[in-house]
Amino acid sequence: MNARPEQLLEALLDLERSRQREHDLRIESETLLEGLRSITDAQDTETLFLALVKVLHSVIDFKDAFILQAQNSQQIAPIASTSEEIKNTTWRFSSVFNRVLAGQPVAAFDVNQVPEWIQQPLTVREDIKSALHIGLTGSQQPAILVVTHPNPRHFGVAQVKQAKRFAPLASQALLTLDLQRAITQRDRFFQLSLDLMGIVSFDGHFKQFNTVWRDVLGYNDDDLNSKSLFDLIHPDDRANFLDTLKRLKNTDTQLLIECRFQCQAKNYHWLSCSLADYSNEQLYYIVARDVTDRVMAEQQLAHDARHDPLTGLYNRVELMKRLDYALTYAKRQPRYGFALLYLDLDRFKIINDTLGHNIGDELLREFSKRILSAVRKADIVARLGGDEFIILLMDVTTQEDAERVAQNIHNILVPPMILQSNAVKISASIGIALSTIKYQDAAAVLHDADIAMYAAKSNGKSQYVLFDPKIHGIN
Amino acid sequence: MKIATSWTTNSDPVAIANAYENLVVQLGATPTLLILSCSAVYKVEEILTVLHSYTPQAPLHGSTSCLGVMTQAGAHTKDGCGLAMFGIQDPEGNYGVGAALIGEDPGAAAQRAIQAALDMANCPGAVPAMVWMTAAPGCEEALIAGIASVVGDDVPITGGSSADNTVTGQWKQFTQNNIFSNAVVVTALFPSTEVMFAFHSGYEPTDVKGIVTKAGGFEATDEKGFATKANGRMLLEIDDRPAAAVYNDWSKGLISDVLADGGNILSRTTLNPLGRIVGYIGNVPYYQLSHPDAVTKNGALSIFTNVTPGDEFVLMQGTIDSLVSRAGRVASSALETYSARPKDVAGALVVYCAGCMLTVQDRLNEVVDNLRSALPNIPFLGVYTFGEQGCFLSGENRHGNLMISVLLFSK
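These protein sequences, in sequence, are chains F and D. With my numbering, the residue at position 373 of the first sequence is 373, and numbering never jumps. With my numbering, the residue at position 246 of the second sequence is 246, and numbering never jumps.
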């Protein structure tokens, strides 16, 4: 169908309108984009604000400008302004600001009618008649950019449209500044932290680390950049650490692990590590705390609870526990046996009383060393208290084996001990109890060995006696 | 943003209530703004009573339309009776309706009306995205100027003068609380989405040989002249000759039978209005139309727009076919101008000159079809008016005759 002349005229007008509109939009967009490139370089609010003002000025004519940022759900206050009068003001949300923050720029042809402006003192608005309000949604705290003019009806629909195009770009600039600020703050926390913090690739190489790694482990930046985190971990702890990393892949939360990390000086520090796995980044995040002192203290406490503080041998509590294990095992394994040797030093009280407690203590320590040298590593040596010692011989089933050890102990006690220039001769009476199925508990074994020891003492000391229920009574 | 329309050709209050209920069902809620248009035979008091029973305080912008209305469902007129509602559901937008009796000072009345509308929208002092206006015919230019004096020149003003079925002043303007016959009603629109608009004459200059004789434009026809004596809407002389005689010469004797004694010429001049260049888009001029409705005994032309000495007129020419297709073309133009697609549009308001409507009365269904084609599956309300107001894209708000104004709300 042929177009009629009036249709051709209309089509021509439409074409011209579209062409002009697109031309205007292109020019404006190019102007905005050019200006916004400078905005992204802004490092602080004031610089960003001045850059925003400059860009907006290139497309909209105005006199002053300010940015309001929400303080709470009701109040909003200036964070930057080209006008001194505005700087100390506080504003309350009403219909216009709510509409602006909902994404609709609002031009006010007469600010003296706008609820938010009416709340301001006359001195603030005496030279302002119209305003354009633009919501900036990029920041965590909602913000509004306001530009003003002394003439009424200065801003209209055209400026609102320009503001709509400007707002997303300005919001993005504000968001960028917020992110830069957040990164700076995070970096500050990162460096201020008392904990070791790091980001590590899945192959263990450091992507980021703070200075605490250097402070705690002694490595410099080059050391850490060239090392794998996994290589720093004590060989005995590495498998457990890697297993924890594996488990991270199946959980959304962080996992905790304590392990030893090697220092530059080759010693180890215990680090308590909180680990998180961000698979999409192929990175592990690690925050670690040096807990060496705590671990060592705990280990010391655990050692003290099981050992005699004077000699370092096991104490009664640990002995009874081990004896219980041996008894239980012997009941399950009929071929397994053990022997308990109850040792009591002969004439120790006289030595203690005559040479003093210090020498007495030294004697006990020297005695401990000698009997340790006479037994296997698997055997248990304990001090019950005073001058009474126990040797638990593991995997011993014959009287001869037990007596051989007892005789060996007598032999190693023959050379005198030199204690603070005093040559001291010492001997021990030894009672021996062999494991049998009749023993129900550790105390019974200990009791029988004690009886045998007293028999040895009665027989003239420096002897060993094997407990015989027929001779020494039935338990 | 959700928009729906409903209609009836029955003046019974029950039918009106049913239409309102239908609208609410489509919207899923009470409308944020209700625009209602009906032919002047409706008793507006009854309409308001019905609406009050549902929603006493909802903003209502009402006016009468010539013979009936049109919606996407068709042209609605039956024995001079037709009513349609256009509901906007936009909780995130702000809308307010204000009205004022025109009285002696139309500009001041328009100022009061827009101020009231802004207050009702809870946006006092704020520039609306658009103003929708309805007024009694007679002083629309002053009303537009009055609105602009409050909100500024660049706020688009769109609307149509209220009309009746017999051109006997039975027109009405109304709001949720008041009914007027000589008032201006305005709605300040702060929608949550974009608005798009177009305002076209749809006529061509009568002679193409005069094109581009003035710098930056083209002279549309040899048949042009300057109004040398004017009295409001009375065109007394053109080129120092009686205006009616000049028009008769230009139109080759179209009104020769009334030159001597005067008479009504409204229907016969619909296809040959007078045009004034009101601006250029690029190098292309666009026209504001004036519809001669009568010849006076002293040889003057009565028209429906103001005219002042120094205005330049061009005889324009249209066809029945062009009047039928124009509304759809203007709607398409609004879309094209904003690079929008029909699926982006929630609804449309169409202002269609009553004079044109009367000329193409038998082909109104084709007018609706053309609109439906341009705005597929989009609800629209079309009103037939005694004067059209709209905003040319180069920015001016104008009142004209035989114009078509389309306002689109995006989703």
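Ideal Cβ positions, reconstructed from N, Cα and C, are used throughout, including at glycine. None of these values were measured; they are calculated from a predicted model.
Check                                                                                                                  : Outcome
Nearest-angstrom Cβ-Cβ length linking Y20 (chain D) and Y54 (chain D), presumed shorter than 8 Å                       : 6 Å
Length of the line joining the Cα atoms of F190 (chain F) and V287 (chain F)                                           : 10 Å
C-beta contact flag for V97 (chain D) and H52 (chain D) at 7 Å                                                         : no
Start-to-end residues for the alpha helix (DSSP H) that takes in R329 (chain D)                                        : I320 to T337
Reduced DSSP secondary structure (H/G/I, E/B, other) of K172 (chain D)                                                 : coil
L189 (chain D) versus G390 (chain D): straight-line alpha-carbon distance, rounded                                     : 15 Å
Nearest-angstrom Cα separation, counted from A163 (chain D) out to V69 (chain D)                                       : 11 Å
CB contact below 7 Å: D14 (chain F) versus chain D                                                                     : yes
CB of S39 (chain D) within 7 Å of CB of S65 (chain D), strictly                                                        : yes
Residues that DSSP places opposite Y384 (chain D) in a beta bridge                                                     : D:Y352
Cβ of D110 (chain F) within 7 Å of any chain D Cβ                                                                      : yes
Distance CB(D277 (chain F))-CB(L248 (chain F)) smaller than 7 Å                                                        : yes
Whole-angstrom C-beta distance between L402 (chain D) and A300 (chain D), which should lie under 8 Å                   : Not confirmed; about 20 Å, so no contact.
Spatial distance of P59 (chain D) from A99 (chain D) (CA atoms)                                                        : 11 Å
Inter-residue Cα distance where the pair is S95 (chain F) and V160 (chain F)                                           : 17 Å
Burial state of P379 (chain D) (16 or more Cβ within 10 Å)                                                             : buried
Secondary structure of L15 (chain F), DSSP reduced to three states                                                     : helix
Pair within 7 Å by beta-carbon distance, Q119 (chain F) and R92 (chain F)                                              : yes
Own chain residues within Cβ distance below 7 Å of G225 (chain D), not counting five before or after                   : Interpretation of G225 (chain D) is limited by its pLDDT of 46, a score under 50 that renders its predicted location unreliable; no figure is taken from the coordinates.
Residue nearest to I134 (chain F) in terms of C-alpha spacing, selected from F:Q69, F:D195 and F:A444                  : F:Q69
Residues sharing a beta bridge with D243 (chain F), DSSP                                                               : According to DSSP, D243 (chain F) bridges with nothing at all.
Range of the contiguous beta strand (DSSP E) that encloses N422 (chain F)                                              : N422 to V424
Short CB-CB distance (under 7 Å) between W74 (chain D) and chain F                                                     : According to the sequence provided, residue 74 (chain D) is Gly. The question's Trp does not apply to it. G74 (chain D) does not count as touching chain F.
Residue-level contact to chain F via CB, S333 (chain D), 7 Å cutoff                                                    : yes
Proximity to L101 (chain F) [Cα-Cα], best of F:L132, F:G218, F:T176 and F:I432                                         : F:L132
Presumed contact (8 Å Cβ cut-off) between L269 (chain F) and D290 (chain F), rounded CB distance                       : Note that residue 269 (chain F) is His in the sequence shown here, rather than Leu. That pair is a contact at about 6 Å.
Inter-residue Cα distance where the pair is P282 (chain D) and E396 (chain D)                                          : The sequence shown places Gly at residue 282 (chain D), rather than the Pro named in the question. Computed Cα separation, rounded: 15 Å.
D154 (chain D): contacting residues in chain F (beta-carbon distance under 7 Å)                                        : G156, V157 and A158
A260 (chain D) classed as buried or exposed, judged by whether at least 16 other C-beta atoms fall within 10 angstroms : exposed
Helix, strand or coil at A170 (chain F) [DSSP, three-state]                                                            : helix
Assumed close pair F338 (chain F), V396 (chain F) - CB separation to whole angstroms, cut-off 8 Å                      : 6 Å
Under the three-state DSSP convention, the category K207 (chain F) falls into                                          : strand
Close beta carbons around S368 (chain F), own chain, < 8 Å, minus the five adjacent residues each side                 : T311, G312, L313, V381, R383 and F389
Proximity of F197 (chain D) and T134 (chain D) at Cβ, strictly below 7 Å                                               : no
Endpoints, the beta strand (DSSP E) within which D346 (chain F) is located                                             : A339 to D346
7 Å CB neighbourhood of K63 (chain F) in its chain, flanking five on each side removed                                 : T148, H149 and P150
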